[in-house]
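Chemist: Starting off with a structure, shown below.
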Amino acid sequence: MSGATPTHALTNQVGQLARRSILRTLRQPAQIVPAVVFPLFLLAVNSGGLKDATNLPGFPTDSYLTFVLAVPFIQGALFSVMNTGTDLARDIETGFLNRLALTPLRGTALLSGLLAGAFVLGVVQAVAYLSVGLIAGAELAAGPAGAIVLLALSVSITVAFGTLGLFAALRFGSGEAVQGLFPVFFVFLFLSAMALPLNLLTTDWFHAIASVNPVTYLLQAIRSLLIEGWNLGDLALGFGIAAAVGAVGMLAASSALKTRLVRT
Amino acid sequence: MESSNGRSGGIEVEGLVREFKNGPRAVDGIDLRVGQGEIYGFLGPNGAGKSTTVLMLTTLLPPTAGSARVAGFDVVREGPQVRASIGAALQEAALDPLLTGREHMRLQTALHGLGKAERDERGTELLERVGLADAADRKVGGYSGGMKRRLDLALALAHRPRILFLDEPTTGLDIQSRTALWDEVARLAADDGVTVFLTTQYLEEADALANRVGIIDHGQIVAEGTPAELKAEIGRPTVEAIPREADDRERMAAVLSRFGEPAGSSPRAVAVLLQGGEAELAEVVRALDSEDIAIEHLQLHAPSLDDVFLAKTGRSLEGAGDEEGAESAEPEAVGAG
Chain A
8 MSGATPTHAL
18 TNQVGQLARR
28 SILRTLRQPA
38 QIVPAVVFPL
48 FLLAVNSGGL
58 KDATNLPGFP
68 TDSYLTFVLA
78 VPFIQGALFS
88 VMNTGTDLAR
98 DIETGFLNRL
108 ALTPLRGTAL
118 LSGLLAGAFV
128 LGVVQAVAYL
138 SVGLIAGAEL
148 AAGPAGAIVL
158 LALSVSITVA
168 FGTLGLFAAL
178 RFGSGEAVQG
188 LFPVFFVFLF
198 LSAMALPLNL
208 LTTDWFHAIA
218 SVNPVTYLLQ
228 AIRSLLIEGW
238 NLGDLALGFG
248 IAAAVGAVGM
258 LAASSALKTR
268 LVRT
Chain B
7 MESSNGRSGG
17 IEVEGLVREF
27 KNGPRAVDGI
37 DLRVGQGEIY
47 GFLGPNGAGK
57 STTVLMLTTL
67 LPPTAGSARV
77 AGFDVVREGP
87 QVRASIGAAL
97 QEAALDPLLT
107 GREHMRLQTA
117 LHGLGKAERD
127 ERGTELLERV
137 GLADAADRKV
147 GGYSGGMKRR
157 LDLALALAHR
167 PRILFLDEPT
177 TGLDIQSRTA
187 LWDEVARLAA
197 DDGVTVFLTT
207 QYLEEADALA
217 NRVGIIDHGQ
227 IVAEGTPAEL
237 KAEIGRPTVE
247 AIPREADDRE
257 RMAAVLSRFG
267 EPAGSSPRAV
277 AVLLQGGEAE
287 LAEVVRALDS
297 EDIAIEHLQL
307 HAPSLDDVFL
317 AKTGRSLEGA
327 GDEEGAESAE
337 PEAVGAG
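Those sequence lines, one after another, are chains A and B.
First residue of the first sequence: 8, per the working numbering; consecutive thereafter.
First residue of the second sequence: 7, per the working numbering; consecutive thereafter.
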């Protein structure tokens, strides 16, 4: 209706949907609290129960808390799959997506805007995990600048995983189906170098799976900042995997959106 | 019929068909025309094809065959132009319970490309118009059914559409909320020249609101016309009277027979089909009075749209709804994956 350029219109649409997504996230404590508290609870259990693992020859640090602090960042990102997916599935179930489809909204704007909530949740989670970890005695070898990179990496992973939630919602169209995927994603975490470094996983089949599991390298990227300082190779791999997951997720979600929104 | 840009403000449909995979032919070759500023009531039981028709006319579902032009634009080839010209409140009031009414208006006006200042102005204007100004900053999750429907209507009007689609807008509302919505819809058509395509399963809604009514059953339009025309097709009204004294029944029957043929009635009553229509009712009363026949009960039964539906399909509209619902539920979501 206005004379806005296509780019301006797209920016405006993304902005409006991002605003809605953020408001929705902030108004649902049930989305934020478990996504922050549950990973911290597991951090407390793991760091206490498995601290003797640091005695293994070749273990990269003498603080198991520092080693395992990487895990909540990935667990938190898994919550993002569920939260973004459930939100979009609800829009499909209630017909809100049809309402949006009747506006000049572009698919790209819809998907990008919906990820804004995942972005905010990612920031809240990362700040909480890092703060609690540091207060509890974990180290951050990369220093204050590393904290910022860690935040960026964590949010990238959370948003990337969020695209998988969008795809699942558009593919299945139901919140229950999206929530049913949560345990599947958790399996990826358990079959990674979550509790021990890759080189200390001596069971052949487990080592083989963890070696090809992208989650292992996301954990390594986070750990590199906590334990080593600046390992550009690990960081590049971590950011690269997040970008790849995000790209694949967005492509899959865009395709699923086209199938679901068959508007002419 | 044509607007300043040369495009019609109406709806033209020819041979529209929608088939679903392994499913019924939900819409089976319908033809219809709705003029600018007209309120067209699309009446039928659950599963008759009403919502599928609306989804096709609003571009949310491609037709299998046939053609439709909405506001002068082809629904298949010119989807974006159709969407820019129409507003729609679909079957469920699709609202976000976590957002306020004002936030909904802001989102809707922004997505339609209104400028920032105009957004706030238009949002406030519409919220006031539908009586939600006081509740504008409350989350929609706390709204009543009627408030949600009114907000839904306001959202559909956000970008000043020329054509409004309302899919069962009053289902589940109390009579007060229903009447308020009818008033607003009537005003939109009368004052703003908005064309309204209204689906309903309520006979009284179609009767009260629509200039013309199309009755759809099993995906086909079985009758179309003004409510008065449709009722006139069915036949004359019936007058039924019960005498105060049972002994007067024969005399009463003799008097009433002057006004038309006998019709079925309860044992104590006498009924006739009024040959001269409703206008003869006063004459009937005067005739009974002149014969000193005291009346205990007198009732005029005008043909209703339900009678029309019964005559055209052999079933009552209310019963048909349950039957259809069991047979074939209409798709509500788009392109189920």
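Here a beta-carbon is modelled for each residue, glycine too, at the ideal position from N, C-alpha and C.
Remember, it's a predicted structure, so these values are computed and weren't measured experimentally.
Is the CB-CB distance between residue 61 (chain A) and residue 234 (chain A) below 8 Å?
Modeler: no
Chemist: I need the DSSP call for residue 320 (chain B), collapsed to helix, strand or coil.
Modeler: Taken through DSSP and simplified to helix, strand or coil, residue 320 (chain B) comes out as coil.
Chemist: Are the CB atoms of residue 147 (chain B) and residue 175 (chain B) within a distance shorter than 8 Å?
Modeler: no
Chemist: Going by other Cβ atoms of all chains shown within 10 Å of its Cβ, with 16 needed for buried, is residue 90 (chain A) buried or exposed?
Modeler: buried
Chemist: Step through the CB atoms of chain A and report whether any lies within less than 8 Å of the CB of residue 64 (chain B).
Modeler: yes
Chemist: Just to make sure I have the definition right: I need the residues of chain B whose C-beta is within less than 9 Å of the C-beta of residue 38 (chain A). Which are they?
Modeler: Near residue 38 (chain A) there are no residues of chain B at all, since even the closest Cβ is about 11 Å away, more than 9 Å.
Chemist: Apply the 10 Å Cβ neighbour rule to residue 220 (chain A) and answer buried if 16 or more other Cβ atoms are within range, or exposed otherwise.
Modeler: buried
Chemist: Any idea what DSSP makes of residue 93 (chain A), helix, strand or coil?
Modeler: helix
Chemist: Mind checking if residue 163 (chain B) is an interface residue toward chain A, Cβ cutoff 8 Å exclusive?
Modeler: For residue 163 (chain B), no CB of chain A lies under 8 Å from its own CB, so it is not counted at the interface with that chain.
Chemist: Residues of the region 86 to 110 of chain A with a CB closer than 9 Å to any CB of chain B: list them in chain order, please.
Modeler: 97, 98, 99, 100, 101, 102, 103, 104, 105, 106, 107, 108, 109 and 110
Chemist: Shorter than 8 Å from the beta carbon of residue 10 (chain B) to some beta carbon of chain A?
Modeler: Note that residue 10 (chain B) has pLDDT 46, beneath the 50 cutoff, so the model's placement of it is unreliable and the number below is only indicative. Not one chain A Cβ lies under 8 Å of residue 10 (chain B).
Chemist: If you compare alpha carbons, which of A:69, A:225 and A:217 is closest to residue 160 (chain A)?
Modeler: A:225
Chemist: Run down chain A in chain order and give the residues with a C-beta less than 7 Å from the C-beta of residue 98 (chain B).
Modeler: 101 and 102
Chemist: Nearest CA to the CA of residue 110 (chain A): which residue from A:244, A:208, A:20 and A:39?
Modeler: A:20
Chemist: Using only CA atoms, which one of A:263, A:157 and A:43 lies nearest to residue 245 (chain A)?
Modeler: A:157
Chemist: Does residue 30 (chain A) get closer than 8 Å to chain B when you measure Cβ to Cβ?
Modeler: yes
Chemist: Tell me, please, whether the CB atom of residue 186 (chain A) is closer than 8 Å to any CB atom in chain B?
Modeler: no
Chemist: Answer with yes or no whether the minimum CB distance from residue 230 (chain A) to chain B is below 8 Å.
Modeler: no
Chemist: Counting only beta-carbon atoms, is residue 175 (chain B) nearer than 8 Å to chain A?
Modeler: no
Chemist: Considering only the alpha carbon of each residue, which of B:87, B:51 and B:59 lies closest to residue 69 (chain B)?
Modeler: B:59
Chemist: Give me the DSSP bridge partner(s) of residue 122 (chain B).
Modeler: None; residue 122 (chain B) has no bridge partner.
Chemist: Going by C-alpha distance, which of B:244, B:57, B:214 and B:300 is nearest residue 251 (chain B)?
Modeler: B:300
Chemist: With a threshold of 8 Å between beta-carbons, can residue 94 (chain B) be considered close to chain A, or not?
Modeler: Answer yes: the Cβ-Cβ gap between residue 94 (chain B) and chain A drops below 8 Å somewhere.
Chemist: Between residue 238 (chain A) and chain B, is any beta-carbon pair separated by less than 8 Å?
Modeler: no
Chemist: Using a Cβ cut-off of 9 Å, pull out every chain B residue sitting near residue 220 (chain A), in sequence order please.
Modeler: Within 9 Å Cβ-Cβ: nothing; residue 220 (chain A) doesn't reach chain B, min ~28 Å.
Chemist: If you pair each beta-carbon of the region 202 to 216 of chain A with each one of the region 109 to 128 of chain A, do three or more pairs fall below 8 Å?
Modeler: no
Chemist: If the cut is a Cβ gap below 7 Å, which residues of chain A does residue 345 (chain B) touch?
Modeler: This structure leaves residue 345 (chain B) out entirely; chain B is present only between 7 and 343.
Chemist: What are the complete beta strand (DSSP E) segments, minimum 3 residues, inside the region 75 to 107 of chain B?
Modeler: 92 to 95
Chemist: Are the C-beta atoms of residue 132 (chain A) and some chain B residue less than 8 Å apart?
Modeler: Cβ-Cβ to chain B under 8 Å: no for residue 132 (chain A).
Chemist: Which class does residue 206 (chain B) belong to by DSSP, given the choice of helix, strand or coil?
Modeler: strand
Chemist: Helix, strand or coil for residue 226 (chain B), going by three-state DSSP, please let me know.
Modeler: strand
Chemist: As a quick exercise: from A:223, A:268, A:146 and A:261, pick the residue whose alpha carbon is nearest that of residue 170 (chain A).
Modeler: A:261
Chemist: If we call anything under 8 Å between Cβ atoms a contact, is residue 105 (chain B) one with residue 154 (chain B)?
Modeler: no
Chemist: Counting only Cβ pairs nearer than 9 Å, list the residues of chain B close to residue 35 (chain A).
Modeler: Neighbours of residue 35 (chain A) in chain B, taken as residues whose beta carbon is under 9 Å from its own, are 104 in chain order.
Chemist: So, at 6 Å on beta carbons, what are the nonlocal neighbours of residue 230 (chain B) in its own chain, with the 5 sequence-adjacent residues on each side left out?
Modeler: 220
Chemist: For residue 48 (chain B), name the three-state secondary structure that DSSP assigns.
Modeler: strand
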